[in-house]
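Engineer: Heads up: the sequence shown begins at 779 in the numbering used here, then just goes up one per residue.
The beta carbon of each residue, even a glycine, is placed where N, CA and C say it ideally should be.
First the structure, which I've put down as structure tokens, then a few questions once you've had a look.
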Amino acid sequence: MKTYPADLLGKLDSEQINIIQQNCDKDALDYLEEKNDAMPFLNAEDKKHLREYYTDTMEKYRLLYEAIVSGFSTPNKTGFPEAIHNINLKDGSIETNKNGRRVNYSTEILAPCTSALLHYINGECNDVYVIIPPIKSVERTTEKLITECEVEYRQNRQNALEKFEDEPELPFYAASQSSDCPTAALLENLQAEQKTSGALLDIAKKELLPKDIYRLSITSKYPGDLEELIRELENNFPPYIKFENNERNLYKENLSQNKRNYFDIKKTARITIPDSERHFYIEFQFKQTNMFFAHIRSHSAYEDFRLYETKYNATKEAALKKKTTSSPEVKAKLALLKKQCEEKRDLCLRIHRNAVHQSNLYLMHKLLWLDDNARGLGRKPELPQGRYKHSVETLKKNYIVESYEPFDGTTAFTTSEDEYLNKSYYLKMIGILPESFDELGKHAKIHINKAWENLGHADIKDFDRITNMAIKYQDVVRSIQKEKQLMDNNALLNVLAQATGNSLKSQTGGR
């Protein structure tokens, strides 16, 4: 399916854009017709519903945009975005003019064949961005259906070995093999047993059609903002759109489960086309803004990982067939490909971990701002050690536990000649570097240090005071860590108890 950059559509009028999209729709429907025989696992109703996603797509985008506008509206605000920008979803860059100002577009460019970033200024959540990518291509949709649904459906129906899973967003599904925590591995083993025992029933209930052909991301600065945004949207949505109850909130996962350090909230919404019985689904992804851009970078690394993994598996399979696995040349090639796989996988994890730390640095700066304002008004701290209650509540609501190692406020956000990552996060926060900047890139350290040298005294002082706040609220962070670790340990103990009970049942024949 063809996609078009917003700067190209910006040169056209509405009628011309509609014609382009109608041609895209026709091509997609023709493609589905060609692939009809390749999807015998879909019944007539499913095939009709699949065609719905690629029929009158501009109508669906208008409904989606109307839902967003209604969701952000208030008695005193229309709900229209402050600006609409052109975003490159391959690298996260946002189009600017020769003066560095972001180019603003009209609503005419909001079409299923392009990507756009809508900028909102929300009263509670400050800058909020709605990123709408092109709809998932019909080629990709049918490929996933055929390769994942058909093959796995038939195999699982026959063997009842596995349960359908969503495609992993990052390749950390085998992390427990080298885990130092035996209880975490036991948790995964028990979950695998449960999937196996209920596989046939799961398959019978499985909805084969994906619900992410239409999707969008809504981002804000802090995790606590996201649930507020969800409630706000849900309360203001027009009647034709409803969130389903299938929320996936990775912020609530225990650290032992979330090995990828990947955080977001996913919800599916059903849109019923007014005055009809037709409907379609949209996947909403709620993320922190800095993590959205980090996920773009990690996706690129993940694609490289998949490429190396494919080459590794193909090389290994060919060597097994030719019985050349003991060949020094083959061994060296496999070792190199395995190393490249591991490097890309580790890069994904580093990107995610850095994004979490960046989020916590932003949060400490938020506390600095809150406390400065309170002191400016002559308000006395309500808690010991000069702490303000509002800052403690903000910290508890938004801090993301990075590890169970006791938080050290004196070193967490400092910098030195060798350390430059905290510098990059601060430079992003104050707008010197864009969020799309890759701080792990080849020449990133040089660019960061050069930008840092140009900072004024006030900015350097502001950065140093972040550490003062980290020291001041260190005990609060440690209590958050302990609470999270206790929840994690309790979950693992429950798994152990369940596993022990299952083991006893198997030994006694279920008596």
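Just to confirm my understanding: we take Glu830, look at its own chain, exclude 5 residues before and 5 after, and list those with CB closer than 7 Å. What are they?
Structural biologist: Arg1056, Phe1058
Engineer: Are there 16 or more other CB atoms within 10 angstroms of the CB of Thr920, so buried, or fewer, so exposed?
Structural biologist: buried
Engineer: Return the chain-ordered list of same chain residues with a C-beta closer than 6 Å to the C-beta of Tyr1000, the five sequence neighbours on each side being excluded.
Structural biologist: Excluding positions up to five away in sequence, the list reads Asn1176.
Engineer: Let me know the secondary structure DSSP gives Tyr1040 once reduced to three states.
Structural biologist: coil
Engineer: Within the same chain, show all residues whose beta-carbon is closer than 8 Å to that of Leu965, passing over the 5 residues directly before and after it, in chain order.
Structural biologist: Since pLDDT at Leu965 reaches only 48, below the 50 mark, its modelled position is unreliable, and the value read off the structure follows with that caveat. If we look at Leu965 and ignore the five residues flanking it on each side, its Cβ neighbours are Ser1034, Gln1035, Ala1269, Leu1270, Val1273.
Engineer: Would you list the one or two residues that DSSP bridges to Val1273?
Structural biologist: Val1273 is not bridged to any residue.
Engineer: Could you tell me if Thr835 is buried or exposed, where buried requires 16 or more neighbouring beta carbons within 10 angstroms of its beta carbon?
Structural biologist: buried
Engineer: Please list, in chain order, all residues of the same chain as Ile865 whose beta carbon is under 6 Å from its beta carbon, the five residues on each side excluded.
Structural biologist: Exclusion of the five residues before and after Ile865 leaves Ile872, Ser893, Leu895 as the residues of its chain whose Cβ lies within less than 6 Å of its Cβ.
Engineer: Quick check on DSSP: helix, strand or coil for Thr852?
Structural biologist: strand
Engineer: Do the CB positions of Tyr1040 and His1130 come within less than 8 Å of each other?
Structural biologist: yes
Engineer: On the DSSP bridge assignment, give the partners of Asp905 in chain order.
Structural biologist: Ile899
Engineer: Can you tell me whether DSSP reads Tyr831 as helix, strand or coil?
Structural biologist: Correct three-state label for Tyr831: helix.
Engineer: From this set, Leu828, Asn877, Val881, Glu844, which residue's C-alpha is nearest Lys914's C-alpha?
Structural biologist: Checking every option, the nearest Cα to that of Lys914 belongs to Leu828.
Engineer: List the endpoints of the continuous beta strand (DSSP E) containing Leu1098.
Structural biologist: That residue, Leu1098, is in no beta strand (DSSP E); its alpha helix (DSSP H) goes 1067-1100.
Engineer: Nearest-angstrom Cα distance between Ala1072 and Glu1005?
Structural biologist: Going from the Cα of Ala1072 to the Cα of Glu1005 covers about 20 Å.
Engineer: Tell me the start and end of each unbroken alpha helix (DSSP H) in the region 1132-1211 that is at least 4 residues and wholly inside, in chain order.
Structural biologist: Here the runs fully enclosed are 1167-1176, 1199-1207.
Engineer: Leu994 lies in the alpha helix (DSSP H); which residues open and close that run?
Structural biologist: Looking at the DSSP string, Leu994 is not in any alpha helix (DSSP H); the run it does join, the beta strand (DSSP E), is 992-998.
Engineer: Would you mind reading off the limits of the alpha helix (DSSP H) that contains Ile1238?
Structural biologist: 1235-1250 is the span of the alpha helix (DSSP H), which, as asked, contains Ile1238.
Engineer: Taking all protein chains shown into account, decide if Gln794 is buried (16 or more other Cβ within 10 angstroms of its Cβ) or exposed.
Structural biologist: exposed
Engineer: In the DSSP output, which residue or residues are listed as bridge partners for Phe1058?
Structural biologist: DSSP lists Ile1049 as the beta-bridge partner residues of Phe1058.
Engineer: Is the beta carbon of Ile1074 closer than 8 Å to that of Tyr992?
Structural biologist: For the pair Tyr992 and Ile1074, the CB atoms are not nearer than the 8 Å cut-off.
Engineer: Counting only the same chain and skipping the five closest in sequence on each side, list residues whose C-beta sits under 7 Å from that of Phe858.
Structural biologist: Val847
Engineer: Check whether the region 1240-1257 and the region 1138-1150 touch, using three or more Cβ-Cβ pairs below 8 Å as the test.
Structural biologist: yes
Engineer: Taking only three categories from DSSP, how would you classify Asn1024?
Structural biologist: coil
Engineer: Using 8 Å as the threshold, is the region 1162-1170 in touch with the region 1210-1221, meaning 3 or more CB pairs across them?
Structural biologist: In short, these stretches do not touch, since the Cβ pair count stays below three.
Engineer: Thr997: buried (16+ other C-beta within 10 angstroms of its C-beta) or exposed?
Structural biologist: buried
Engineer: Using a threshold of 8 Å, state whether the C-beta atoms of Phe1064 and Ile1043 are closer than that.
Structural biologist: yes
Engineer: Under 8 Å, do Tyr782 and Leu810 count as touching if we go by C-beta distance?
Structural biologist: no
Engineer: Helix, strand or coil for His1225 per DSSP?
Structural biologist: The answer is helix: DSSP assigns His1225 an H, G or I state.
Engineer: DSSP three-state label for Gln1063, please.
Structural biologist: strand
Engineer: Would you identify the three-state DSSP class for Ala889, choosing helix, strand or coil?
Structural biologist: coil
Engineer: Give me the Cα-Cα distance between Gly1292 and Glu886, rounded to the nearest whole angstrom.
Structural biologist: With the chain covering only 779 through 1289, there is no way to say anything about residue 1292.
Engineer: What is the C-beta distance between Leu994 and Ile909, in whole angstroms, given that I count them as a contact (C-beta under 8 Å)?
Structural biologist: Taking 8 Å as the upper bound for CB-CB distance, Leu994 and Ile909 are in contact here, some 6 Å apart.
Engineer: Excluding the 5 residues preceding and the 5 following Tyr722 in the sequence, name in chain order all residues of the same chain whose CB lies nearer than 8 Å to its CB.
Structural biologist: Examination of residue 722 is not possible in this model, given that the chain is present from 779 through 1289 alone.
Engineer: Whole angstroms are fine: how far does the CA of Leu1141 sit from the CA of Arg880?
Structural biologist: 26 Å
Engineer: Could you check where the alpha helix (DSSP H) with Ala861 kicks off and where it finishes?
Structural biologist: From DSSP, Ala861 is part of no alpha helix (DSSP H) but of the beta strand (DSSP E) over 861-863.
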